[in-house]
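The sequence shown begins at 0 in numbering that gives the first Met the number 0 and counts up by one. Backbone N, C-alpha and C fix where the C-beta goes; we use that ideal spot for every residue, glycine too.
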Amino acid sequence: MLREQDKPVGVFDSGLGGLTVVKELTKILPHENLVYLGDTARVPYGPRGVETIKRFSEENTRFLIGENVKAVVIACNTSSAVAADFLKSTFPKIPIFEVISSASNEASRGTRSIGVIGTYGTVGSHAYAKNISKNLSRTKVIEKACPLFVPFIEEGEIGSKALKLVAKGYLSELKKQKVGTLIMGCTHYPIIKNIISETMGKGVTLINPGKSVAKEVFDFLKKNNLLNRQKKKGTADFYVTDLTDRFTKVAEMFLGKKIKNDLKIARLTK
Ligand code: DGL
């Protein structure tokens with residue numbers, strides 16, 4: 000039987016964008032084994048209703064628990080925003096991490112007004128604004144849904160004129176309101192952080208929730224003596240709920256490196 004510390008860390012997302020979070024996890028936790036589940040058959044979650052996102056997230060978590068993980072990381076901002084509390088109460092025995100509170104805490108260290116960009120689901124939930132107001136009750140939080148960013152990025156259109164125009168339109172109000180810190184509240188956005196940063200102008204601090212949650216997971220594993228002590232680099236198993244020829248390429252864009260093992264099909268149980 001595996002010792003608790005030797006078990007893998009589970010990560011799920013609505014699709015492949017959550018690999019930006021895996022990228023951050025492997026930087027700070029290079030010796031952890033990871034199991035990733037991307038719900039590619041049902042992506043995107045962003046425009047869906049709360050009950051549907053909760054149900055999908057529950058099935059994803061159940062799959063990861065079936066893979067014998069020691070903790071679950073919700074990489075998806077939309078799932079984190081609407082389903083994290085529900086998952087924590089449904090699966091009380093497993094530590095569950097989500098990106099919203101981690102990134103909100105980091106953004107709250109500044110004193111300037113804070114902008115949040117994300118999917119309709121994330122922005123509509125006001126989860127970031129609620130979390131930030133726990134730390135900073137008087138700080139102005141301006142939220143803006145940027146639904147076109149995800150399809151642009153998935154198509155690999157990450158430096159096009161069209162994307163720059165879309166970014167200008169989406170970010171104009173945040174710029175006008177002079178936000179000092181901007182949370183990139185969607186798994187995909189770190190891929191276009193240069194465009195976001197150029198559009199917002201100098202001096203705006205960008206927060207990558209993947210980085211914030213990776214730090215929180217590291218602190219938790221260390222504090223609870225759950226870090227994997229193996230000397231070699233950790234392994235990574237990548238599961239998806241639907242598989243097409245394009246996926247490996249898209250996955251590698253988000254992960255920022257080649258994927259050694261093939262993507263595997265996951266069968267989710269209800
Ligand atoms: N993973 C989602 C998020 O971070 C973006 C893609 C989707 O809408 O499912 O909110």
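query = Do F96 and V216 have their C-beta atoms closer together than 8 angstroms?
reply = Result yes, Cβ atoms of F96 and V216 sit closer than 8 angstroms.
query = Using 8 angstroms as the Cβ pair cut-off and three pairs as the minimum, do the region 203 to 218 and the region 137 to 144 touch?
reply = Proximity of the region 203 to 218 to the region 137 to 144 falls short of the contact definition, fewer than three beta-carbon pairs being nearer than 8 angstroms.
message = In whole angstroms, give me the CA-to-CA distance for I113 and K175.
response = Taking the straight line from one Cα to the other gives about 13 angstroms.
query = For ligand 1, is there a heavy atom less than 7 angstroms away from the beta-carbon of H187?
reply = When distances are taken from the beta-carbon of H187 to the heavy atoms of ligand 1, the shortest one is below 7 angstroms.
ask   = So N67 and S103 are in contact, right, with Cβ under 8 angstroms, and what is the actual spacing, rounded?
value = Rounded, the Cβ-Cβ distance is 31 angstroms, inconsistent with contact.
message = DSSP three-state label for I191, please.
response = DSSP, read as helix, strand or coil, puts I191 in helix.
key: Given 8 angstroms, three or more beta-carbon pairs between the region 18 to 35 and the region 231 to 251   = The region 18 to 35 makes contact with the region 231 to 251: 3 or more CB pairs, one atom from each, lie closer than 8 angstroms.
request  = May I ask you to check if the CB of T77 is nearer than 7 angstroms to at least one heavy atom of ligand 1?
outcome  = Checking every heavy atom of ligand 1 against the Cβ of T77, one is found closer than 7 angstroms.
key: N-terminal and C-terminal residue of the beta strand (DSSP E) that A74 is part of   = Premise fails: A74 is in no beta strand (DSSP E) and is neither H nor E.
task = Note down the Cα distance separating K231 from F219, rounded to an integer number of angstroms.
result = The straight-line gap from Cα to Cα measures roughly 21 angstroms.
ask   = Where are the beta strand (DSSP E) runs, 3 residues long or more, that stay fully inside the region 27 to 113, in chain order?
value = Entirely contained in the region 27 to 113, the beta strand (DSSP E) runs reaching 3 residues are, in chain order, 33 to 37, 70 to 73 and 95 to 97.
ask   = Sorted by chain position, which residues of the same chain lie with C-beta nearer than 7 angstroms to L254's C-beta, five sequence neighbours on each side aside?
value = The beta carbon of L254 sits closer than 7 angstroms to those of L18, V21 and K22, all from its chain and outside the five residues before and after it, given in chain order.
ask   = What did DSSP end up calling A161 once you bin it into helix, strand or coil?
value = Of the three classes helix, strand and coil, the one that applies to A161 here is helix, per DSSP.
query = Is A126 closer than 8 angstroms to A80 when the C-beta atoms are compared?
reply = Yes, these two residues count as a Cβ contact at 8 angstroms.
query = Taking all protein chains shown into account, do 16 or more other C-beta atoms lie within 10 angstroms of the C-beta of E153, making it buried, or fewer, making it exposed?
reply = Under this definition E153 is a buried residue.
ask   = Which first and last residues belong to the beta strand (DSSP E) in which T243 is found?
value = Premise fails: T243 is in no beta strand (DSSP E) and is neither H nor E.
Sub-8 angstroms separation of V42 and T60 beta-carbons = Cβ atoms of V42 and T60: not closer than 8 angstroms.
inquiry  = Using a 10 Å radius around the Cβ and a threshold of 16 neighbouring Cβ atoms, would you call H30 buried or exposed?
reply    = By the Cβ neighbour-count rule, H30 is exposed, with fewer than 16 other Cβ atoms within 10 Å of its own.
task = Would you mind stating whether I191 and I157 have Cβ atoms separated by less than 8 angstroms?
result = Yes, they are a contact pair.
query = Is the Cβ-Cβ distance between E105 and S196 less than 8 angstroms?
reply = With respect to S196, E105 sits apart: the two C-beta atoms are not nearer than 8 angstroms.
inquiry  = I'd like to check one pair, Y119 with P146: are the Cβ atoms closer than 8 angstroms?
reply    = Yes.
message = Can you tell me whether G117 sits near ligand 1, meaning its C-beta is under 7 angstroms from at least one heavy atom of the ligand?
response = It does: the Cβ of G117 is within 7 angstroms (strictly closer) of some heavy atom of ligand 1.
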